[in-house]
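Worksheet: one structure, shown below.
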Amino acid sequence: MFKNDDFEIEATKAWLANRFTTTDTRTEGNATKRVDKYSSCFNALMKKIEYRKWSEVLANLDNILATHYKTDSTRQSILSMLRVLCVDYAGMTSEAWTEKYAKKNADLKQSYKEGATAKQLVGMSFKDAKGYVTDKPVISLYLKLMCGDMPVLRLGDFVNASTIDDGKNNYIDMKKKTMLRRITKNAKGEMIIKLPKVILDEIKTQGIKGKLFGDLDEHKISYMVKKGLPDVNANSRHFRNLYSTQKIIKMRSVKKMEEALKIADHSVSTWVEIYQKLDTPILKLMKTLVQKKKE
Numbered sequence: 688m689f690k691n692d693d694f695e696i697e698a699t700k701a702w703l704a705n706r707f708t709t710t711d712t713r714t715e716g717n718a719t720k721r722v723d724k725y726s727s728c729f730n731a732l733m734k735k736i737e738y739r740k741w742s743e744v745l746a747n748l749d750n751i752l753a754t755h756y757k758t759d760s761t762r763q764s765i766l767s768m769l770r771v772l773c774v775d776y777a778g779m780t781s782e783a784w785t786e787k788y789a790k791k792n793a794d795l796k797q798s799y800k801e802g803a804t805a806k807q808l809v810g811m812s813f814k815d816a817k818g819y820v821t822d823k824p825v826i827s828l829y830l831k832l833m834c835g836d837m838p839v840l841r842l843g844d845f846v847n848a849s850t851i852d853d854g855k856n857n858y859i860d861m862k863k864k865t866m867l868r869r870i871t872k873n874a875k876g877e878m879i880i881k882l883p884k885v886i887l888d889e890i891k892t893q894g895i896k897g898k899l900f901g902d903l904d905e906h907k908i909s910y911m912v913k914k915g916l917p918d919v920n921a922n923s924r925h926f927r928n929l930y931s932t933q934k935i936i937k938m939r940s941v942k943k944m945e946e947a948l949k950i951a952d953h954s955v956s957t958w959v960e961i962y963q964k965l966d967t968p969i970l971k972l973m974k975t976l977v978q979k980k981k982e
């Protein structure tokens, strides 16, 4: 079944690390830190089992998943990682893997999607985010950044932000009360963004000098927020959507809408397609303008 059934932990780690560095499909200039999930999964798995043959791992797969992993989403992640290792690294044929494990993978995906739907949380309001009091500085700063006093930026914009200007980062000038955004996902060129008092006050209160979130990346910040606020949906996508549906959509000027979308780093045409079902007069006008620009 395998060209190479035996495996060594360190050699496998090195292969996964090399695979991670050579499969980056992001656009040039995207500075958001990637997360090597397969390496993390493999490292964790090796602490739980003693098998050193892929055939042994697969022979005991059901027991491994049931004993060591509590959620179907984590089990599916392990299965996905094993597919890459067994097929791409150990030489198992893709057809053999599909025949044995495709249904299990599909069942796990369906199970955790159904669970996520059943446990769908109520989204946190801007008012609650702004007024939330906590002794956890990361969560406190995060909620002030997301509280809707300005167009909600991508979390990565703030991960790449600092109160010290190194010429490359998103520089927050506390005196001018602005952020010079150099790094973002879609927007081209630099943009000066006015920051609201609630954000500036939080930075001062925490005495932040340098990067807003230190060495934390988006993945770690999101995990901390989810763990710290388990009873509400407070992820950045929720707040960005909330700003669109509660703020941007109610603006009476196309110019103001376009400016807000530019600050939030939304593509105007994509945004109109997503929210056109709201069917407001200003949105109809925006849709017409977008169509004219395409002609």
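In our numbering, each residue carries its 1-based index in the sequence shown increased by 687.
Positions of the beta carbon are idealized from the N, C-alpha and C atoms, including for glycine.
Taking a C-beta distance under 8 Å as the contact criterion, Cys834 and Ala848 do not qualify as a contact pair. Within the same chain, Asn792, Leu795, Lys796 and Tyr799 come within 8 Å of Gln763 by CB-CB distance, once the 5 residues on both sides are set aside.
Here the alpha carbons of Thr780 and Val774 stand approximately 6 Å from one another. The continuous alpha helix (DSSP H) containing Met911 extends over residues Glu905 to Gly915. The Cβ neighbour count for Met768, taken over all protein chains shown within 10 Å, is at least 16; the residue is labelled buried. Annotation: Ala701 to Ile736 spans about 19 Å, alpha carbon to alpha carbon. Residue state for Gly843 is assigned as helix, using DSSP reduced to three classes. Note that the region 900-908 does not touch the region 859-875; fewer than 3 beta-carbon pairs, one per stretch, sit closer than 8 Å. Per DSSP, the continuous alpha helix (DSSP H) segment holding Leu828 begins and ends at Pro824 to Met833. With a threshold of 16 other beta carbon atoms within 10 Å, Lys831 meets it and is buried. With a beta-carbon spacing of about 7 Å, Leu948 and Ile935 fall inside the 8 Å limit used to define contacts. Separation of Trp784 and Arg770 (C-alpha to C-alpha, rounded to the nearest whole angstrom) is 7 Å. The alpha-carbon separation between Met837 and Trp958 amounts to approximately 17 Å. With a cutoff of 8 Å on beta-carbon distance, Tyr776 and Thr710 are scored as not near each other. In the DSSP secondary-structure assignment, Arg939 is not bridged to any residue.
Annotated three-state conformation of Tyr776 is helix, per DSSP.
Secondary structure note for Arg868: its beta strand (DSSP E) is the uninterrupted segment Thr865 to Arg868.
Partner residues in a beta bridge of Ser767, as assigned by DSSP, do not exist. Sequence-distant Cβ neighbours of Asn922 in its own chain, meaning closer than 8 Å and more than five residues away, are Ser909, Val912 and Lys913. The Cβ-Cβ distance between Lys881 and Arg869 does not fall below 8 Å. Beta bridge pairing from DSSP links Ser849 with Tyr858 and Lys898. Contact annotation: Leu703 and Tyr738 have beta-carbon atoms that are not nearer than 8 Å.
For Asn920, the beta-bridge partners assigned by DSSP are Gly810.
In the displayed model, Lys934 falls within coil according to three-state DSSP, outside both helix and strand. By the neighbour-count criterion, in which 16 or more other beta carbons inside 10 Å mark a residue as buried, Asp759 falls on the buried side. Arg939 counts as exposed, since fewer than 16 other C-beta atoms from the protein chains shown sit within 10 angstroms of its C-beta. Check the Cα spacing between Leu766 and each of Lys740, Phe729 and Lys734: the tightest is with Phe729. In this structure Asn920 touches Val809 by the C-beta definition: roughly 7 Å separates them, less than 8 Å. The straight-line gap separating the alpha-carbon atoms of Arg841 and Tyr930 is approximately 12 Å. Between Thr850 and Ile890, the CB-CB gap stays under 8 Å. Distances from the CA of Asp918 to each of Asn747, Gln807, Glu782 and Asp952 were compared; the closest alpha carbon is that of Gln807.
Shown here, Ile736 sits in coil according to DSSP, grouped into three states, outside any helix or strand.
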